[in-house]
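S.K.: Before I ask anything, here is the structure I am working with.
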Amino acid sequence: MPVTQPLRRRRGILGALALIAIAVGLYWGLIVAPPDAYQGEVQRIMYLHLPSILAAYLSYFLVFIGSCMYLWKRERRDDILAHSAAEIGVLFTALTIIEGSIWGRPTWGVWWAWDARLTLTAILLLIYTGYLMLRSLIDDENRASSAAAVLGIIGFLDIPLIHMSVYWWRTLHQPPSILQPNKAPWENIAWPLLIPLLINIVAFLLLLFYLLSLRYRLGEMRDEIRMHRLEHSL
Amino acid sequence: MEGWSFVALAYGIVWTVIVVYLFSLKSRYKKAQMELSALRSAQAISQNDKT
Chain A
4 MPVTQPLRRR
14 RGILGALALI
24 AIAVGLYWGL
34 IVAPPDAYQG
44 EVQRIMYLHL
54 PSILAAYLSY
64 FLVFIGSCMY
74 LWKRERRDDI
84 LAHSAAEIGV
94 LFTALTIIEG
104 SIWGRPTWGV
114 WWAWDARLTL
124 TAILLLIYTG
134 YLMLRSLIDD
144 ENRASSAAAV
154 LGIIGFLDIP
164 LIHMSVYWWR
174 TLHQPPSILQ
184 PNKAPWENIA
194 WPLLIPLLIN
204 IVAFLLLLFY
214 LLSLRYRLGE
224 MRDEIRMHRL
234 EHSL
Chain B
-10 MEGWSFVALA
0 YGIVWTVIVV
10 YLFSLKSRYK
20 KAQMELSALR
30 SAQAISQNDK
40 T
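Keeping their order, the protein sequence lines are chains A and B.
Read in order, the letters of the first sequence correspond to residues 4 to 237 in the working numbering.
Read in order, the letters of the second sequence correspond to residues -10 to 40 in the working numbering.
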C-alpha cells in the first residue's frame, strides 16, 4: 500500500519535534546544567545513558507486544512492528553500554566490570542481536517470524531482571535514578539535574518513534516487494 | 578538564552512531521505495497487456 501524504507529514512533524528536543536537550545538558557535586562534568553522560536505556526498554516492550500478537493473530503488521522495534532496541542498548563504559572509566576506574546489571544488559544485547540474526538465517519467512517471536518474548524477561538486579545482588551499579519504588524522581535528583534529564528522555523517545515509523514503513515495503516476487514466481 | 574529554567522547560516539544509522535507514528506505515502484509499474504494464 502506498504511504499516504498525511502519514508522511505526521512523520515529518515527529522528526522535527525530535530534532528540536535533541537540540534543547544538548544545550541544557551540556551548557545550562551545573556539574554534579561528586562526579563533576562526567555526570553529564547520564543525560544520554538513562534516555538510551529507557528507549531500548520501550523498544523491547514493543517487540514483546508485537511478538505476542503475531503468535496469536498471525498478522504481518505485528511481525513488522516486532522486527523494527528489535533493530532500534539493539541500537539503543549498544549505545547504553558504550556510554556506561565511558562513564565507568573515570568514575569506577575501569571500562567494564562483570557487575550483575552490566552483564544482564550485555546479555540483553546478545539476545536481540541473536533475534535479528535468526530472522536472516531462516529462509522461510513465516518460520523465521515465529521463531523470532518466541525469542522476542523470552528476551523481554531479561528486562525485569536488569531492573531488579541492583536490589537482588550486591552491584557496583547505582540504584535506579528515576524509577525507584516509593520515591519520586525529584526526591532523588536535584531539579537543575532532573530538568535536562527529563528533556533528554523526551528527546530520545521522540527519536525512537521517528526511527520506528521509518523502519516500520521499510518493513511494510519489503513485505510488499516479497509478495510481488512471490506472485510473479507462481 | 579530564571530565569533559569523557563527555565529548560519549556524546561524539552516540550522535555519530545515531546519524549513521539514520542515513543507512533512509538509504534502505529509498532503495525499497524505488524497487517497489518499479515492480508496481511492471505489474501495471503486464495487466495492460493482458487486457
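Each residue gets a CB set at the ideal place from its N, CA and C atoms; glycine is no exception.
As the structure is a computational prediction, the values presented were derived from the model and not from experiment.
If we require 4 or more residues per run, which alpha helix (DSSP H) segments fall completely within the segment 101 to 141 of chain A?
M.R.: Here the runs fully enclosed are 119 to 140.
S.K.: Mind checking if Ile2 of chain B is an interface residue toward chain A, Cβ cutoff 7 Å exclusive?
M.R.: Answer yes: the Cβ-Cβ gap between Ile2 of chain B and chain A drops below 7 Å somewhere.
S.K.: Quick check on DSSP: helix, strand or coil for Asp143 of chain A?
M.R.: DSSP places Asp143 of chain A in coil when its eight states are reduced to three.
S.K.: Please list the partners that Arg218 of chain A has in chain B, where partner means a Cβ-to-Cβ separation under 8 Å.
M.R.: Neighbours of Arg218 of chain A on chain B, chain order: Leu14.
S.K.: For chain B, find out if any of its Cβ atoms is closer than 7 Å to the Cβ of Gly43 of chain A; answer yes or no.
M.R.: True, the Cβ-Cβ gap to chain B drops below 7 Å.
S.K.: Kindly list, in the order they appear in chain B, the residues whose Cβ is closer than 7 Å to that of Glu102 of chain A.
M.R.: Correct list: Ala(-1), Val3.
S.K.: Does any CB atom of chain A fall closer than 7 Å to the CB of Val(-4) of chain B?
M.R.: Yes, Val(-4) of chain B lies at the interface with chain A (some Cβ there is under 7 Å from its Cβ).
S.K.: Looking only at its chain, what residues have a beta carbon closer than 7 Å to the beta carbon of Arg79 of chain A, apart from the 5 residues adjacent to it on each side?
M.R.: Cβ within range, chain order: Asp226.
S.K.: Roughly how many angstroms separate the alpha carbons of Pro54 of chain A and Glu144 of chain A, rounded to a whole number?
M.R.: Cα-Cα distance, rounded: 33 Å.
S.K.: Using 7 Å as the limit for Cβ to Cβ distance, is Leu221 of chain A near chain B?
M.R.: By this cut-off, Leu221 of chain A is an interface position.
S.K.: Please determine, among A:His52, A:His86, A:Trp75, A:Tyr170, the residue with the shortest C-alpha to C-alpha distance to Pro184 of chain A.
M.R.: The residue with the shortest Cα to Cα distance from Pro184 of chain A is A:Tyr170.
S.K.: According to the Cβ coordinates, are Ile26 of chain A and Ser62 of chain A closer than 7 Å?
M.R.: The amino acid occupying residue 26 of chain A in the given sequence is Ala; Ile does not appear at that position. No.
S.K.: Comparing C-alpha positions only, which one of A:Ile204, A:Thr122, A:Leu140, A:Arg218 sits nearest to Ala21 of chain A?
M.R.: Of the listed residues, the one whose Cα sits closest to Ala21 of chain A is A:Ile204.
S.K.: Nearest CA to the CA of Trp114 of chain A: which residue from A:Leu74, A:Ala147, A:Ile100?
M.R.: Cα-wise, what sits closest to Trp114 of chain A is A:Ile100.
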